[in-house]
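See structure below.
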Amino acid sequence: MGGRSTVVDMMIGQREWDEVMARVRQTQLVSDPTVVAFVGRRVNILFTVIALIMFAVAWPTLPLTHSVMPILLPVVAALATLPLMLAWANPLLGWGISITSSILIGLFFDRVHGWQWTIQVVHIIVLLVLSVMLCLRGPVRWIALYWLCTLVAFVGATPPGATAGWAVGVTMLFVTCWLLRVLLRSRRELAHETELKDVAASRTAVLAERTRIARDLHDVVAHRMSVVVVAAQTARFRVDGVTPAADAEFQAIAVMAREALDEVRQMLGVLRVDGEVSTQAPNPGVADIADIVEATRGAGIVVDLRLIGGAPETVNEAVGLTAYRIVQECLANATRHAPGARIDVEVAIDESAVRVTVVNLLVEVAGEKESSGGHGIPGMAERAAAVGGALVAGPDGVGAFRVSAMLPTRVPVADVAIG
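Each residue of the sequence shown is one higher than the one before, counting from 629 in my numbering.
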């Protein structure tokens, strides 16, 4: 019976304790957001435990150093030690309370038993810890003021012979903490800048890849669609016996191809770099051939360019672009298949045609058979045919490779955009 009654008493005691704790949790103080935030951080709990331990030491030892009424012993001990609870949560407030209490204790309470300090040892420790935390976590612009106030407090609390040493010690403490803070801040800023650079580099890589995809799609799709438009619209001029019905079909094909081309360009606009203005740069023409020739010369290739006849501005845009692409492809082929060989480029413009001639000497390259122009020649021939011209390419029989294109100065169909 005795064992059962003990168990019952324990159960009743546990139930009463739970009820008490539930009521405590419902009190306004415990439910306050500030208190909840304070208790929620382990570092605050750590400083609170240390402050309570020091309070337990300061209370009974206070009569050994100061003449204090017994009823005031816990109050004075609390003012000396409990501000340590705020070392992390609010070091400025804790430091202010500690500084003020050190001055008040020195003014209103006499020292006994030969104790020369105006405050207890635990109060000295608390004040030093709070000064360190304030220097590390407080506003940087007020550190000099905190140092001065702390210095004054210690000068007033120390024995006469130890004033200079403690003044130097407090100063070194603040300087060390300030340097440590500067170091930590610089490391944080460096880490932040490194993170920003990494993010910017990743973003740049993504945008560059998007731009590359857009350009590749434009080169592969938009160009071919433009050729379809030109071929369909010029079919009646290039093919004999095209009936009105067949011509209508060709024009319908051209319209659908143009619509598809517009949709492709709209889709490519999504892949553009952020902030890039979605405007189409003017297509290169005959006047720009000199630029690619100069660029080829910059690679160490000997290129001779001759422009004969009329002004490049008189050439239709589509024809000028075709001439430009032909010269560009020829220069690339000659550089690849006949490295080091001289290249002669001639562009002759008259009222009816634009004649493009590119000649380069044949060079034997180890491991490579005599080139017939590679895969670029069919593309150049298609470009020339799309604007009503013709292109012939091959060895000229005297040790050189010749590409000759004859293009009409004007295309019967106006405003044809080739990508």
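Built from N, CA and C at the ideal position, the CB exists for glycine as well.
Note that this is a predicted model, so its numbers are computed, not measured.
Do Ala-679 and Leu-712 have their CB atoms nearer than 7 angstroms?
Counting from one through the sequence shown, the residue named residue 679 turns up at place 51. Counting from one through the sequence shown, the residue named residue 712 turns up at place 84. In this structure, Leu-712 lies closer than 7 angstroms to Ala-679 by Cβ.
Ala-1018 bridges to which residues according to DSSP?
Here residue 1018 corresponds to residue number 390 of the sequence shown, with the count starting at 1. Partner(s): Met-1034.
Sorted by chain position, which residues of the same chain lie with C-beta nearer than 6 angstroms to Gln-956's C-beta, five sequence neighbours on each side aside?
Within the sequence shown, the letter at position 328 stands for residue 956. Closer than 6 angstroms at the Cβ level, and outside the excluded window around Gln-956, lie Ile-920.
By how many angstroms is the C-alpha of Ala-1013 removed from the C-alpha of Ile-917?
Within the sequence shown, the letter at position 289 stands for residue 917. Within the sequence shown, the letter at position 385 stands for residue 1013. Between Ile-917 and Ala-1013, the C-alpha separation is close to 20 angstroms.
Give me the Cα-Cα distance between Arg-1030 and Thr-985, rounded to the nearest whole angstrom.
Position 402 of the sequence shown, counted from the start, is the residue given in the question as residue 1030. Position 357 of the sequence shown, counted from the start, is the residue given in the question as residue 985. Taking the straight line from one Cα to the other gives about 7 angstroms.
Count the C-beta pairs between the stretch 810-819 and the stretch 828-845 that are closer than 8 angstroms, then say yes if the count reaches three, no if not.
With the cut-off at 8 angstroms, the stretch 810-819 and the stretch 828-845 do not touch.
Count the other C-beta atoms from every protein chain shown that fall within 10 angstroms of the C-beta of Gln-744, then say buried if there are 16 or more, exposed otherwise.
For the purposes of this step, residue 744 is taken as residue 116 along the sequence shown, with counting starting at 1. Exposed, since its Cβ has fewer than 16 Cβ neighbours within 10 Å.
In or out: Pro-788 buried (at least 16 other Cβ within 10 Å) or exposed?
The residue given as residue 788 occupies position 160 in the sequence shown. So Pro-788 counts as exposed.
Have a look at Glu-979, Gly-734, Pro-1006, Glu-922 and flag the residue whose alpha-carbon is nearest the alpha-carbon of Asp-972.
Taking the sequence shown and counting its residues from 1, the one referred to as residue 972 is at position 344. Minimum Cα distance to Asp-972 is reached at Glu-922.
Comparing C-alpha positions only, which one of Val-892, Pro-912, Gln-861 sits nearest to Val-883?
Mapped onto the sequence shown, residue 883 falls at position 255. Closest option to Val-883, Cα to Cα, is Gln-861.
Let's test the definition: count the other Cβ atoms within 10 Å of the Cβ of Ile-1005 and tell me whether it reaches 16, buried, or not, exposed.
Here residue 1005 corresponds to residue number 377 of the sequence shown, with the count starting at 1. Buried: at least 16 other Cβ atoms inside 10 Å.
Does the distance from the CB of Leu-1035 to the CB of Val-947 come in under 7 angstroms?
Looking up residue 1035 in the sequence shown gives position 407. Looking up residue 947 in the sequence shown gives position 319. Yes, they are a contact pair.
Our contact map puts Ala-981 next to Thr-1037 with C-beta atoms below 8 angstroms; I'd like the distance itself, whole angstroms only.
Within the sequence shown, the letter at position 353 stands for residue 981. Within the sequence shown, the letter at position 409 stands for residue 1037. Between Thr-1037 and Ala-981 the Cβ distance is about 6 angstroms, and since that is below 8 angstroms, they are a contact.
Taking the alpha helix (DSSP H) that Ala-790 falls in, what are its first and last residues?
Counting from 1 along the sequence shown, the entry for residue 790 is found at position 162. Here Ala-790 belongs to no alpha helix (DSSP H), and DSSP marks it neither H nor E.
Can you name, in chain order, every residue of its own chain whose Cβ lies under 6 angstroms from the Cβ of Ile-954, other than the five neighbours on each side?
Indexing the sequence shown from 1 puts residue 954 at position 326. Hits under 6 angstroms: Val-984, Met-1008, Ala-1033.
Quick one: give me the first and last residue of the alpha helix (DSSP H) that Arg-983 is part of.
Working through the sequence shown from its first residue, we reach residue 983 at position 355. Here Arg-983 belongs to no alpha helix (DSSP H); instead the beta strand (DSSP E) covers 981-989.
From Ala-873 to Gln-879, what does the alpha carbon distance come to, in whole angstroms?
Within the sequence shown, the letter at position 245 stands for residue 873. Within the sequence shown, the letter at position 251 stands for residue 879. Each residue's Cα considered, the two are about 10 angstroms apart.
On the three-state DSSP scale, how would you describe Gly-1027?
Residue 1027 sits at position 399 when you count from the first residue of the sequence shown. Gly-1027 falls in the coil class under three-state DSSP.
Report buried or exposed for Arg-813, applying the criterion of at least 16 other Cβ atoms within 10 angstroms of its Cβ.
Taking the first residue of the sequence shown as position 1, residue 813 is located at position 185. Classification of Arg-813: exposed, given that the 10 Å Cβ count is below 16.
Using the Cα positions of Arg-769 and Leu-735, report the straight-line distance between them to the nearest angstrom.
Locating residue 769 in the sequence shown gives position 141, where the first residue counts as 1. Locating residue 735 in the sequence shown gives position 107, where the first residue counts as 1. Approximately 31 angstroms, taken between the alpha carbons.
Assuming Arg-769 is part of the beta strand (DSSP E), what are its boundary residues?
Taking the sequence shown and counting its residues from 1, the one referred to as residue 769 is at position 141. Careful: Arg-769 lies outside any beta strand (DSSP E) and carries neither H nor E.
Using the beta-carbon count (16 or more within 10 Å), is Pro-698 buried or exposed?
In the sequence shown, residue 698 corresponds to position 70, counting from 1. Exposed is the call here.
Excluding the five sequence neighbours on either side, which residues of its own chain have a C-beta within less than 8 angstroms of the C-beta of Val-667, listed in chain order?
Along the sequence shown, one-based indexing puts residue 667 at 39. Contacts found: Ile-673.
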